[in-house]
Amino acid sequence: MNQRKTGAEREAEAASYLTAHGMRIVASNFRCRQGEIDLIGYHENYLVFVEVKYRRGNEKGYALEAVDERKQRRICQVADYYRYIHKLGDSVSVRYDVVGIQDGEVQWVKNAFPHIDMRR
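Numbering (our numbering), first residue to last: -12 to 107.
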């Protein structure tokens, strides 16, 4: 199975999981020049940007560890752009979550990392 198809299937699995746990998904695979965010939704009065990571096993490490600082910066840049084009000001509470899917288990880490302000 190719990686793109596998990724799309795992993102759909994550979206179903999040929806079942109260998140309202408003966008998936949001792309812009700065990068991509897998899922965007609303949960507990937050606008949530979600990164989905999948690992078949742990020989390449754990899914949740794959969101390093470089990836976090990229996600924050894309999130800032999303908020800008949708006219969502700084008064909107934002959260960054990570969903790891590994060995058939889904793990959801809320508030996995803080916002990194790229405007400075």
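Here a beta-carbon is modelled for each residue, glycine too, at the ideal position from N, C-alpha and C.
If you're wondering where the values come from, they're calculated on a predicted model, not measured in any experiment.
Could you have a look at residue i and say whether DSSP puts it in helix, strand or coil?
i, result
"residue 67", "helix"
"residue 43", "coil"
"residue 75", "coil"
"residue 31", "coil"
"residue 80", "coil"
"residue 11", "strand"
"residue 21", "coil"
How big is the Cα-Cα spacing for residue i and residue j?
i, j, result
"residue 70", "residue 13", "13 Å"
"residue -2", "residue 80", "23 Å"
"residue 34", "residue 96", "15 Å"
"residue 68", "residue 3", "25 Å"
"residue 20", "residue 92", "32 Å"
"residue 40", "residue 9", "20 Å"
"residue 78", "residue 86", "25 Å"
Is the Cβ-Cβ distance between residue i and residue j less than 8 Å?
i, j, result
"residue 32", "residue 25", "no"
"residue -5", "residue 88", "no"
State buried or exposed for residue i, treating a residue as buried only when at least 16 other CB atoms are found within 10 Å of its CB.
i, result
"residue 43", "exposed"
"residue 84", "buried"
"residue 38", "buried"
"residue 5", "buried"
Of the choices the options, whose alpha-carbon is the least far from that of residue i?
i, options, result
"residue 18", "57, 103 and 65", "65"
"residue 60", "22, 0 and 89", "22"
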